[in-house]
Amino acid sequence: MLSVTIFLPLATALLVLVIPAAHTGLIRGAGIAGAAATLAASLLLWSGYDSADPALQWRQRVVWVDALNAHYDVGVDGLSLPLIVLTALLLTLTLIYVAGRRERAKMQVFLFLLMGTGLLGVFAAQDLLLFYLFFEVALVPMYFIIGIWGHERRRYAALKFFLYTRLASLAMLLSFLALYLAMEPHSFSLPEIARAQPYAAATPGAGLVLLGLVIGFGVKLPIVPLHNWLPDAHVEAPTEGSIMLAAVQLKMGGYGLLRVALEALPEVVQRHAVALLWLGAVGVIYGALAALAQRDLKRLIAYTSVSHMGFVTLGFAAAALAGSESLRRFALTGASFQMVSHGLLTGAMFLMVGLLEARAGTREIARFGGLLGRLPRWSALFAVLAFGSLGLPGMSGFVGEFQVLGATLATSLGAALLVLIGLAVTTGLYLHLLSRIVLGGAPASMPALAEPPRVGLGIAAVLAVLAIALGLVPALLTGVIAGGVSGI
Amino acid sequence: MSPPPDALLLAVPLAPLTAMLAGIAGRRRARLVAWWPVAGTALSVAALLWLGLAQPVAALGLRLGGAWFDAGALRLTLGLRLDALSWTVALLVAAVALAVNVFAAAFMREQSERAGFHAAMSGFAAAMLTLVLADSLVLLFAAWEWVGAASWLLIALRREPAAPAAAAKAFVMTRCGDLALLAGWLLLALLAGSTALDAVLGLAARGAPVDRWLPLPLLLIAVGALTKSAQLPFSAWLPDAMVAQAPVSALLHSATMVAAGAWLLLRLFPLYEAQPLVLALIFAVGLSGALLAALVACVQRDLKRVLAWSTISHLGQTLAALGAAVPFAAVFHLCTHAVFKSALFLAAGSVEHAAGSHRLDRLGELRRRLPLLAGLFAVSALALAEVPPLAGFYSGESVFAAVLQNRTAFAPLLPVLAFVSTFYIARAYYATFERWPGARGASSLEPPRAGELLPVLGLAVAAIVLGAWLAHSLPAVLGLSEPEPSDLGWRITRLAAVVAGICAAVFRVRAVGPAPARIGAAAAAAVVPVRGVERALDRVATGVPALVHHGARATQTIEAALDRAASLLARHALRLAALAHALDQGLDRLGRAATARGARAGVRVDAIERRGFAAGADRLATATARWARRAQRAQTGPLYAYTAALFVWLLGGVVLLWLIGAAAA
């Protein structure tokens, strides 16, 4: 069942290749049907998941490359399952969002579905070589999505994206190889590595192995000095690309940190956790400050992503530092929850910005004002999402953030103070944005506007409703996460 | 058959919530839209009364709720709790909200934003009642944030140029305090292992290892409470928030939301009791804030801003009573202040409606034409001025007695405060309603509507009778100890201060009008830099954002440096790629030369092979070229070719490895 979920998008993608390009409707329909079937399959996985059992479920393991002792090994636990469902959901919604476009439909649907298989595979793979393969399969379509459908400076952005992710993948691969070679007999199997703990003793290379992983996943997450590709990639990517990039692709980094780094190198992470904690805290405040300086709405949202994902780094580091098992779970649950929540809220935020841009032809904040009067639906939804993003209780952002914050408070008051300041800046940022573009008067240069299409607003509303549901009843998610967290 | 108490308790916050949803759903029904909040809050009042009449209030002890979710060993709970204290305050909140909503129905009749406004008022009532009834720190915090969001919305909805900025300022400033509160309650909950109020309050009895950790979270929570209650130095948002409509000022920014700070400290008082240093800090902030804000109120030129500073001052007194470790006085003053201050704000709203302004120098002589309104304002003002036997007199006495009992050295400041308070409120009344030199009166007056006057009348009557009644009944109900009553000498002193304040204000305004006295201001400035305080607070409120903007600009420098580094890398990478390309071409040429030589050497072999192998290769080559052209048509540069090549290489490598593995097996 799990393999079916993973490869359904790929199978659909191959099917789409066969359909003649002229049948746009058929191509779009097949793409949406494939994605929806994937979503249904992932929900079946969810319903069949036993959250009381911390072991990997839906496990499937067959020999893949015998000479390397590499296996096709997939399985899910509470950490990966929510991300799998999130991926399938966002894939479906994104394909619905682009359904009206006629040009280059075949290639677009193909690339998105291919990316879907890569992402689902990353969240399910239990073998590092397989993980790496899926990681690349998820990334490559993104270069093309940015490069082909992007905005004016797409080549620059795609090049930057290419360089950063390439170097990161290299660092990650080297660390994977180091883990592989340290195992006796050599093995890529993550559960085996987690059991054997090849770097448990303070070996000299251990720090470097962790560094490779932190660079590899930190670029994707992003962790703050490694984030510079993200604003450009987001701004130049088409809306549908931004949604997938923010909502799901960044989670590969966070998931990798929790799954690979924390499982394979817990002692090493613990040794360097204080530095990582501060990196996370700096990320929270840095992303918020950088967002505040932006004039481009999309770039602003991109930087808030940096800030929000800082909580994942924080949770990761706080979990390693935590003095008690209870605190550790608190941190990990928070980080996992934050990933899902960010996927919903920021995915919706990018969609909203895309809808506005499609109507207005500009993203410049200064050219908007008083949208409440012109676009009441868009404005109301945008305000709800903004309050959700700044962590208003009752929406999902709060649940993840307060848990990570609690764990940080218990480990380092200084880092927690930084995070609190970052949150205050984030509040100011969104409120400033709301009073600027939703309220207030319209500037003379504001383009004529009409309410965005219902489909787009509907998709954003679905995401907002999910964020509210998770905010009011976090147990929907925490119950599942708890099983996975206790396994790490 | 009476409904089950649990359902009644749930109905208290849910009725206004339902009213909000109904208001949103029926936003086009213009006639109905204003009555939803009235119905919602009326139901809340009814449910609370029913609960209070079904059994003695003092014996109330209703809990409902349970686990929300577990995170590690921390149990997050949601729940409501009805005891004598929360019943009293919830009833106060619901009743004031009811009065204000009735007022708003008439007051907002012509406003275009009224559908959203009334829905937000319902939402606020629901959140505020949840805040008061919450039995869990996390629910209390959630409600705390919701009332902040409602406040933002209600200020922002006003169609005034200054409204968006004021709304943002209010939310951001209070949110900074909220974050301190968040850190504080998280620490408390982690110590207690649960967010349930009982578990948290149980920390007080846990002894040595926990005690050492308690001051920090309690201090953080106190900071949150002081911000919400607009105490110094976090008060700058409240006067700006006066840009909102009068009902908002009456309900949120005087009676309920800003009182949430005091409420939170009251709820956690068993923990604070054991922290004399934190209590002393709260007392110091409260009392000094009360004095300074009262002085600032004396020089305001705007009726609503006088009342705003007065609110800060009175909340300061409430907190001072708490800081003096007499929670009874705090609850008492909280209740009476909510009543007379909301009456004053609503009356000020009516004045604004009738005369078209709330600037003191544009008002005057309104008593002749609005006698009832003038009377109601006067009664409420006298209640505020602690004139016996009105409400403020009793609660003010209680606050004074509390200070006298536990912070005796500061007691003489309170008659001074009474003088100043009386001065500013008498000045406000006289400048608005009486004749003074230069008073323009209002050229055209719109008579206030009955719908506006009725709730003000109700609140004013409450301001008359509530003090004596509560002084009589509240101690028994709450089971809190009253402070020792002060002796006759002090009472006479305080009464004298009040009379002096009234006289001073009347003489002053009669002689020169409401303009702040130059001599008086100079004298005041010598003692306390009143204007300076106001300006300094504003500077804090604008300076912090400025600092943040500096930080934001600094990040742009870093971003630019990172951009440069990336493009440098990109250039080198491209150069490297060009080098690789050149190398590739060189190898290619070499290969071609070799092929040519080979071809010359083996013409016959070549001739044979050409028909078979080369034809296939040709086909492959043309296919490749076609693909390459297609890729180029898709506007891809060499970069994408590299990417694709890399990708294919990777997949090919994996397949190859697999084949090797399979072969080896």
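Sequence order for the protein chains is A and B. Taking our numbering, the leading residue of the first sequence gets 1, the next gets one more, and so forth. Taking our numbering, the leading residue of the second sequence gets 489, the next gets one more, and so forth. Ideal Cβ placement from N, Cα and C applies to all residues, glycine included. Predicted, not measured: the structure shown is a model, and the values here were computed from it.
- Assignment of B/T565 by DSSP, reduced to helix, strand and coil, places it in the strand class.
- The beta-carbon distance between B/L625 and B/L678, rounded to whole angstroms, is 11 angstroms. This is too long to meet the 8 angstroms contact definition.
- Comparing alpha carbon positions, the residue from A/T94, A/M172, A/A281, A/V4 closest to A/A41 is A/V4.
- If you draw a straight line from the Cα of B/S574 to the Cα of B/V620, it comes to about 6 angstroms.
- In chain order, S379, V438, L439 place their CB closer than 7 angstroms to the CB of A/L372, counting only its own chain and leaving out the 5 sequence neighbours on each side.
- Within 7 angstroms of the CB of B/F605, no CB atom of chain A is found; the nearest one sits about 13 angstroms away.
- Close to A/Q403, with beta-carbon spacing below 7 angstroms, are these residues of chain B in chain order: A559.
- Inter-residue distance for A/A290 and A/L413 is about 24 angstroms (C-alpha atoms, whole angstroms).
- DSSP places A/A233 in the uninterrupted alpha helix (DSSP H) bounded by 229-236.
- Assignment of B/G553 by DSSP, reduced to helix, strand and coil, places it in the strand class.
- Excluding five sequence positions before and after A/G370, the CB atoms of its chain that fall closer than 6 angstroms to its own CB belong to G440, G441, A442, given in chain order.
- Using a Cβ-Cβ cut-off of 7 angstroms, B/V660 is close to T427, G428, L431 of chain A, given in chain order.
- A/P204 is positioned such that its CB atom lies no closer than 8 angstroms to that of A/A358.
- In terms of Cβ geometry, B/A916 and B/G852 do not form a close pair [threshold 8 angstroms].
- Contact check for B/S798 against B/I952 fails: the beta carbons are separated by 8 angstroms or more.
- Taking a 10 Å sphere around the C-beta of A/G48, we find fewer than 16 other C-beta atoms and assign the residue as exposed.
- Annotated three-state conformation of B/S490 is coil, per DSSP.
- Not a single C-beta of chain B is nearer than 8 angstroms to the C-beta of A/S51.
- Taking 8 angstroms as the cut-off, the beta carbon of B/I800 is found no closer than this to the beta carbon of B/A732.
- The C-beta of B/V1036 comes closer than 8 angstroms to at least one C-beta of chain A.
- Between A/A482 and A/T333, the C-beta gap is smaller than 8 angstroms, which places the two residues in contact.
- No Cβ of chain A is located within less than 8 angstroms of the beta carbon of B/D1026.
- Burial is judged here by how many other beta carbons sit within 10 angstroms of a residue's own beta carbon; A/H308 has at least 16 and is buried.
- Chain order gives the chain B residues near A/T333 as A559, G560, where near means a beta carbon separation below 8 angstroms.
- Among the residues facing chain A, B/R1041 is included, as its CB has a counterpart in that chain under 8 angstroms away.
- Beta-carbon to beta-carbon, B/L832 and B/S868 are separated by about 5 angstroms, close enough to satisfy the 8 angstroms threshold.
- Inter-residue distance for B/G681 and B/W673 is about 11 angstroms (C-alpha atoms, whole angstroms).
- Within the DSSP secondary-structure output, A/E364 pairs in a beta bridge with A/D296.
- Per DSSP, B/Q893 is one residue of the alpha helix (DSSP H) stretching across 879-894.
- In the DSSP assignment, B/R998 falls outside any beta strand (DSSP E) and lies within the alpha helix (DSSP H) extending over 976-1000.
- For B/L861, no pairing in a beta bridge is given by DSSP.
- Spanning the alpha carbons of A/G218 and A/R195 requires a straight line of approximately 24 angstroms.
- The DSSP-derived three-state label of A/G347 is helix.
- A/R436 has its alpha-carbon roughly 20 angstroms from the corresponding atom of B/F605.
- In this structure, A/Y97 sits away from A/E236, with a CB-CB distance that is not shorter than 8 angstroms.
- Proximity of chain B to A/R329 at the Cβ level (cut-off 7 angstroms) is accounted for by A559, G560, in chain order.
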